[in-house]
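Residue numbers (UniProt numbering): 1 to 128.
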């Protein structure tokens, strides 16, 4: 049986985003990218990278005197895990209460509604 993807914290997901955009990258490159968009210290970023390495979400390959990091967890795997976790924890594993919540408490524009209709039509066609 395959292992479930590792749980990724919100902070760790920002490191993963940098790696999903471009990989492999050195820790120096990752630090530079994340410091442009946040007030994180270099040590914080390197700690997050180490945690991701320990969880198996990233791999490190020796390149001379440095390591190059690459994601082993795809964005799609992570999104699937996070989506399922949200549905299970907050909406009892059901999608319709989630959509009802957004329709009642968030603004769904005409474009969003049209996209949801297309998705539902595609799901209905698959079920036939």
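Positions of the beta carbon are idealized from the N, C-alpha and C atoms, including for glycine.
Rounded distance between the beta-carbons of residue j and residue i, thought under 8 angstroms
i          : j          : result
residue 52 : residue 15 : 6 angstroms
residue 26 : residue 67 : 7 angstroms
residue 70 : residue 59 : 5 angstroms
residue 45 : residue 31 : 5 angstroms
residue 55 : residue 6  : 4 angstroms
Strand pairing of residue i, partner residues [DSSP]
i          : result
residue 58 : 71
residue 66 : 63
Alpha-carbon to alpha-carbon, residue j and residue i
i           : j           : result
residue 3   : residue 77  : 12 angstroms
residue 18  : residue 47  : 15 angstroms
residue 92  : residue 84  : 10 angstroms
residue 125 : residue 116 : 14 angstroms
residue 97  : residue 57  : 31 angstroms
residue 121 : residue 113 : 12 angstroms
residue 20  : residue 88  : 26 angstroms
residue 33  : residue 86  : 29 angstroms
Residue i, enclosing alpha helix (DSSP H) - first and last residue
i           : result
residue 7   : That residue, residue 7, is in no alpha helix (DSSP H); it is neither H nor E in DSSP.
residue 97  : 95-105
residue 23  : Run containing residue 23: none; DSSP gives neither H nor E here.
residue 116 : 110-127
Distance cut-off 7 angstroms: residue i Cβ against heavy atoms of the ligand ZN
i          : result
residue 39 : With respect to the ligand ZN, the structure offers nothing, as it holds no ligand at all.
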